[in-house]
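A quick write-up on the structure given underneath.
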Amino acid sequence: MILKKAILTCSVLTLTLFSNSCTSSKHSTETNSQLGFNTLIPKPLSVSSTDSHFTIDEAIRIQLDNNSTELSEVGLFLKTELEKRTGISASIKSFEVGPSSMYIIIKNLDSDNPEAYELDITENALYLSSNTSEGAFRGIQTILQLIHHTDTGDWIIPTGMIKDEPQYAYRGTMLDVSRHFFGVDYLKKYIDILAYYKINHLHLHLSDDQGWRIEIKSWPLLTEIGGSTDVGGGPGGFYTQEDFKELVEYAAQRFITIVPEIDMPGHSNAATASYPILNGTDTTPELYTGKKVGFSTFDTRSDTVYAFVDDVIREISAISPGPYFHVGGDESHVTEDADYIYFINRVEKIVQKYGKRMIGWTEVAQADLDSTSIAQYWVHPEKAAMAIQKNMQLILSPAERTYLDMKYDSLSPFGYNWIGYISVEHAYDWNPEEYFEDGDVIGIEAPLWSENFSTADSLEFMAFPRLIGIAELGWTTKSNRNWMEYKERLAHQAYYLRRNNINFFASPDIDWPK
Ligand code: TNX
């Protein structure tokens, strides 16, 4: 009721006056009952509402304060998304003051965080300011999350001020495309969802015992043989290097970095089945379509293996503009400890030779690694402690909170529960800040292993809504997080998830709208 009245009194003024004259002077801190800001995930650093709204109408203009290619692409992204959502086509104009405008301004904010942005939304204009195009892109996601459709058929955005920046620079999710393969078209949909929740890294688990999923031109049998099946004996699949470049580019336009992983020296049966020389046993392994782990290894004392690893890292690094190369390193149960350490030490140098920072699962911290390498903590806190001693940085993926392949509860139709059930609440209600007191944590990542599903619907069922909570944990500071309040914002996400045909688990713990 209040909303409708405000629209009537202000829309007339917006048309005739270019001023802030109908902006309420009442400033108040956000509460859940106020118009609009309770739709945001991740929750911003600070929000204040002025209890009115900006209307998106046919006159809407997007104005960019410079014509760099990067900012032009960001402006175009906003235009495309606005049109998808509202059917209204904004014009993109050079910078001039005028009503009904969305201004995107690059300037120095108080914060030096590259992803920081500020939104100043009045009834006449919306100002998005940021240090970089990346910050502007994050702010655009906030704008998209704020758009409401009123009962009277208007598209509006609540007025007020938002100041925002992420707590962690690395907010990621991992998808296992080895146990089951997911192609480029599907991954584009997934990347769109990640961008909407301000996730900025997508780690792709590109090889494992069951499948090798990326073309390596100098070792073509990896995909020809190693890419030909999956868990359960399905047809598998792989990305050509052209496919991979397309994916990297699509993600980069959304300021998401692809982190490629080749899992070694264990989890390597697909590679050794393709090139038996790599396992040093004079036997040719069969392709593997089961779910066991820890039975395969490269021959860590073979020069051919290092020539192979060099080629693989060189070819993938050449098409991966991001700073990281993930070498796996988990569960090498049949590799002798000394051989394992020798292998990881040598591979770290190869990664560095191609200009990348090495990431490995927690186990790699046993090797003599450089402080520039990163350990991804999943289990084994004592090995994470070794990484901290080596001044390495950490990515947090504690299995008991972030493993999206775990069942939600005993009724979940598929999934593992080796670490326990992970409900929507359990995935959200913890503090990454408190995991390793002395650790230098660059961020948090939720892995999704794919042994137990093969369709996009089931992938989405496992990822959503838990991944949305992980996105908030990576962005929002501890003092701004609270499960009971988050639950209400999460319920609101049903509109977005349904509109985009995302098959989320409608957990009975959340009061979803009808
Ligand atoms: C452990 S987490 C693995 C994966 C499995 C996963 C299943 C990690 C580094 N290794 O190989 O897919 O458990 O939950």
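Each residue of the sequence shown is one higher than the last, beginning at 13 in our numbering. Glycine residues also receive a C-beta, built at the ideal position from the N, C-alpha and C atoms.
For F337, which residues does DSSP report across the bridge?
-> M370
Quick one: using the 10 Å Cβ neighbour count with 16 as the cut-off for buried, is K91 buried or exposed?
-> buried
Could you check how far apart the C-beta atoms of K119 and S141 are, in whole angstroms? I think they sit under 8 Å.
-> Rounded, the Cβ-Cβ distance is 6 Å, consistent with contact.
Which one of N494, W461, L423 and A397 has the shortest CA to CA distance from N443?
-> Taking N443 as reference, the option from N494, W461, L423 and A397 with the minimal CA-CA separation is N494.
Starting from K105, trace the beta strand (DSSP E) both ways and give me its first and last residue.
-> S103 to S106
Could you check what DSSP says for S470 in three-state terms: helix, strand or coil?
-> helix
Please classify K38: is it buried, with 16 or more other beta-carbons within 10 angstroms of its beta-carbon, or exposed?
-> Any reading at K38 must be qualified, since the residue scores a pLDDT of 33, below 50, and its modelled position is unreliable; no value is offered.
Using alpha carbons as the reference points, say which of R183, G239 and V196 lies closest to K210.
-> R183
Min CB distance M276 to chain D below 8 Å | This model lacks chain D altogether; it includes just one protein chain.
Could you say which of K526, E130 and E108 lies nearest to T144 if we only look at CA atoms?
-> E130
P272 - DSSP class collapsed to helix/strand/coil | Strand at P272.
In three-state terms, what does DSSP make of K38?
-> Bear in mind that a pLDDT of 33 at K38, under 50, signals an unreliable position, so the number given afterwards is only what the model happens to contain. In the structure shown, K38 sits in coil (DSSP, three-state: anything other than H, G, I, E or B).
Runs of beta strand (DSSP E) lying entirely within the stretch 449-507, each at least 3 residues, in chain order | With a minimum length of 3 residues, the continuous beta strand (DSSP E) runs that stay inside the stretch 449-507 are 452-460.
In angstroms, rounded to a whole number, what distance separates the CA positions of E463 and T284?
-> 20 Å
To which residues of the same chain is A181 closer than 7 Å at the C-beta, ignoring the five residues directly before and after it?
-> Excluding five sequence positions before and after A181, the CB atoms of its chain that fall closer than 7 Å to its own CB belong to I454 and G455, given in chain order.
Within 10 angstroms of its Cβ, does P297 collect 16 or more other Cβ (buried), or is it exposed?
-> Burial call: buried.
May I have a chain-ordered list of the alpha helix (DSSP H) segments no shorter than 4 residues that lie completely inside the stretch 243-307?
-> 253-265 and 281-286
Applying the criterion that 16 or more other CB atoms from any shown protein chain within 10 Å of the CB defines a buried residue, is N78 buried or exposed?
-> It is exposed - the Cβ of N78 has fewer than 16 other Cβ atoms within 10 Å.
If you pair each beta-carbon of the stretch 287-294 with each one of the stretch 254-272, do three or more pairs fall below 8 Å?
-> no
A350 and T374: beta carbons closer than 8 Å?
-> no
Please determine, among G87, D69 and F149, the residue with the shortest C-alpha to C-alpha distance to N136.
-> D69
Closer than 7 Å from C-beta to any heavy atom of the ligand TNX: which residues, in chain order?
-> Having a Cβ closer than 7 Å to some heavy atom of the ligand TNX are D188, R191, D220, H279, V305, D342, E343, W373, W390, A411, Y415, D417, Y428, W430, P459, W461 and E463.
Could you work out which residue in N212, L52, L187 and S123 is closest to A468 when comparing CA atoms only?
-> L187
Apart from the five residues on each side of it in sequence, which residues of its chain come closer than 7 Å, Cβ to Cβ, to S190?
-> Taken in chain order, the residues that qualify are H217, L218, S219, D220, Q222, G223 and R225.
Are the beta-carbon atoms of L460 and L471 separated by less than 8 Å?
-> yes
Would you check if the distance between the CB atom of A399 and the CB atom of A387 is smaller than 8 Å?
-> yes
Start-end ranges of the beta strand (DSSP E) lying completely within the stretch 43-72, minimum 3 residues | 58-68
Return the CA-CA distance between T236 and I116, expressed in angstroms with no decimal places.
-> At residue 236 the sequence reads Glu, which differs from the Thr that was named. The alpha-carbon atoms of E236 and I116 are separated by roughly 47 Å.
At which residues does the beta strand (DSSP E) containing Q405 begin and terminate?
-> Q405 -> beta strand (DSSP E) spans Q405 to L408.
Where H160 sits in the DSSP three-state scheme | It is a strand residue.
Find out if the Cβ-Cβ distance for the pair L158, T241 is shorter than 8 Å.
-> no
Return the CA-CA distance between H192 and F250, expressed in angstroms with no decimal places.
-> Approximately 10 Å, taken between the alpha carbons.
Contacting residues, own chain, Cβ-Cβ under 8 Å from R73 (five flanking each side not counted) = A102, S103, I104, K105, G110, S112, S113 and M114
For T185, which residues does DSSP report across the bridge?
-> Paired residues: L214 and A458.
Of all the options G306, S58, L52 and V376, which has the alpha carbon lying nearest to the alpha carbon of V359?
-> V376
Using a threshold of 8 Å, state whether the C-beta atoms of L76 and S64 are closer than that.
-> no
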